[in-house]
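Undergrad: Pasting in a structure now, in structure tokens, and then I'll have a few things to ask.
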Amino acid sequence: MTDIQAVAARRRLPVFTGIAVLIALAILVSLGTWQVERLHWKEGLIADIAQRRASAPMPLADIERMLASGGDIEYRPVTTFGRYVNNKERHFFATWRGQTGYYIYTPLELAGGRYLFVNRGFVPFENKEPEMRVQGQLTGEQTVIGLTRNKLPGKPSWLVPDNDVAKNIFYWKDLDVMAASTGLNKASVLPFFVDADSTPNPKGLPIGGVTDVDLPNNHLQYAFTWYGLAAVLAVIVAISWFRGRGKPASQ
């Protein structure tokens, strides 16, 4: 390589480095800005859910109309009436306040022969079977107040175990399979769940009011992380540039 070529190569190096630094800064700042946008979205979602949960219960028919028109029914207070079909309850493996057990999903027979799966609440592991909580097997017409929950479109993650239908243990809320495993016609089952409120059941089981609204909101922390990395990179580049200016030119 000639002296001229070497000088040209040394001149190109800072240019390439500068371009790479600008690209890196643009990516870091963009990621930080995206997290800020996500923060605003998450705060709005949390506020909306809180407002929904604080509102007066809606009749079930209003929830159905809202769903049919494309509205979001998640966490909407609802009230309805019906008769629990206790011999068709399904058991969803769950942990509640540090205790392992099950959420009891029982079909509520509505007027007209339709059914609504209600999460009646939590029972400890040893109370899984109905005969261990006979007093809580409500009979006759019941008033149910709770929160509507959307039907899951599919298995949440490959990490979640498959449902063990034979043992009546569900690890994710597959409404279609829950209904089919009880012999109910899919067409007669409403396409959403209801989590019952905390109204006490006889002998305390199931324990209602178990709806967990857990929406992690770490976006501000992530935004500071990305912006911080961008600032550190800018400082390092500035220090390197000032040190480079102080060096004597090569002869």
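Those letters in the sequence shown? Residues 1005 to 1255, per our numbering, in order. Beta carbons: idealized from backbone N, C-alpha and C, even for Gly.
#1: Looking only at its chain, what residues have a beta carbon closer than 8 Å to the beta carbon of M1182, apart from the 5 residues adjacent to it on each side?
#2: Give the DSSP-derived three-state secondary structure of Q1146 in the structure shown.
#3: Can you check which of these residues, L1043, D1178 and T1021, is closest to K1155 by C-alpha distance?
#4: Mind checking which residues open and close the alpha helix (DSSP H) that includes D1066?
#5: Expressed to the nearest angstrom, what Euclidean distance is found between the alpha-carbon atoms of G1140 and F1129?
#6: Which one of R1153, W1045 and E1133 has the shortest CA to CA distance from V1214?
#7: Could you spell out where the beta strand (DSSP E) holding D1180 opens and where it closes?
#8: Return the CA-CA distance between V1241 and D1218, expressed in angstroms with no decimal places.
#9: For Q1255, count the other beta carbons within 10 Å of its own beta carbon; 16 or more makes it buried, fewer makes it exposed. Which is it?
#10: Which runs of the beta strand (DSSP E) at least 3 residues long sit entirely within the region 1110-1171? Give them in chain order.
#11: Determine the burial state of F1196: buried for a count of at least 16 other Cβ atoms within 10 Å of its Cβ, exposed for fewer.
#12: Determine the DSSP secondary structure at T1104, reduced to helix, strand or coil.
#13: In this structure, how does DSSP classify Y1088 when only helix, strand and coil are distinguished?
#14: Just list the residues that DSSP pairs A1191 with in beta bridges.
#15: Have a look at K1046 and R1247 and give me their C-alpha separation to the nearest angstrom.
#16: Is Q1039 buried or exposed, if buried means 16 or more other CB atoms sit within 10 Å of its CB?
#17: Can you tell me whether V1239 is buried or exposed? The criterion is at least 16 other CB atoms within 10 Å of its CB, across all chains shown.
#18: Based on Cα-Cα distance, which residue from D1168, W1176, D1201 and P1204 lies nearest to W1162?
#19: Taking the alpha-carbon positions, what's the A1060 to L1071 distance?
#20: Just grab the DSSP bridge partners of T1215 for me.
#21: Among L1142, F1096 and G1187, which residue has its Cα nearest to the Cα of N1090?
#22: Between the alpha carbons of V1025 and V1236, how many angstroms are there, rounded?
#23: In three-state DSSP terms, what is D1076?
TA: Well, looking at it:
#1: As a position in the sequence shown, residue 1182 is number 178, starting the count at 1. Within the same chain, M1182 has close Cβ partners R1094, Y1109, F1121 and F1174.
#2: Residue 1146 sits at position 142 when you count from the first residue of the sequence shown. It is a strand residue.
#3: What you label residue 1155 is simply residue 151 of the sequence shown in a count that begins at 1. Out of L1043, D1178 and T1021, D1178 has the C-alpha closest to the C-alpha of K1155.
#4: Counted from its first residue, the sequence shown places residue 1066 at position 62. Taken as a continuous stretch (DSSP letters only), the alpha helix (DSSP H) holding D1066 covers L1064 to A1072.
#5: Counted from its first residue, the sequence shown places residue 1140 at position 136. Counted from its first residue, the sequence shown places residue 1129 at position 125. Their Cα atoms are separated by approximately 16 Å.
#6: In the sequence shown, the residue the question calls residue 1214 occupies position 210. Nearest C-alpha to V1214: R1153.
#7: Mapped onto the sequence shown, residue 1180 falls at position 176. Counting along the chain, D1180 falls outside any beta strand (DSSP E), though it belongs to the alpha helix (DSSP H) covering L1179 to S1185.
#8: Here residue 1241 refers to the residue found at position 237 of the sequence shown. Here residue 1218 refers to the residue found at position 214 of the sequence shown. Those two C-alpha atoms are separated by around 41 Å.
#9: Residue 1255 sits at position 251 when you count from the first residue of the sequence shown. Residue placement at Q1255 cannot be trusted, given a pLDDT of 47 that sits under 50; what the coordinates show is reported in the next sentence. Exposed, because fewer than 16 other Cβ atoms sit within 10 Å of the Cβ of Q1255.
#10: 1119-1128 and 1145-1154
#11: Walking along the sequence shown from the start, residue 1196 turns up at place 192. Its Cβ being crowded by 16 or more others within 10 Å, F1196 is buried.
#12: As a working note, residue 1104 is residue 100 in the sequence shown. Note: T1104 maps to strand in three-state DSSP.
#13: Reading the sequence shown from its first residue, position 84 is the one you call residue 1088. Correct three-state label for Y1088: strand.
#14: Indexing the sequence shown from 1 puts residue 1191 at position 187. Per DSSP, none; premise fails for A1191.
#15: Residue mapping note: residue 1046 aligns to position 42 of the sequence shown, counting from 1. Residue mapping note: residue 1247 aligns to position 243 of the sequence shown, counting from 1. If you take the alpha carbons of K1046 and R1247, they lie about 44 Å apart.
#16: For the purposes of this step, residue 1039 is taken as residue 35 along the sequence shown, with counting starting at 1. By the 10 Å Cβ count, Q1039 comes out buried.
#17: Counting from 1 along the sequence shown, the entry for residue 1239 is found at position 235. So V1239 counts as exposed.
#18: Against the sequence shown, residue 1162 aligns to sequence position 158. If we check each option's Cα against that of W1162, W1176 comes out closest.
#19: In the sequence shown, residue 1060 corresponds to position 56, counting from 1. In the sequence shown, residue 1071 corresponds to position 67, counting from 1. So the alpha carbons of these two residues sit roughly 18 Å apart.
#20: The count along the sequence shown starts at 1 and reaches residue 1215 at position 211. DSSP, once it has assigned bridges, lists no residue as partnering T1215.
#21: Here residue 1090 corresponds to residue number 86 of the sequence shown, with the count starting at 1. It is L1142 whose Cα lies nearest to the Cα of N1090.
#22: The residue given as residue 1025 occupies position 21 in the sequence shown. The residue given as residue 1236 occupies position 232 in the sequence shown. Near 12 Å, if we compare the C-alpha coordinates of V1236 and V1025.
#23: On the sequence shown, position 72 is the one that residue 1076 refers to. In this structure, D1076 counts as coil in the three-state DSSP scheme.
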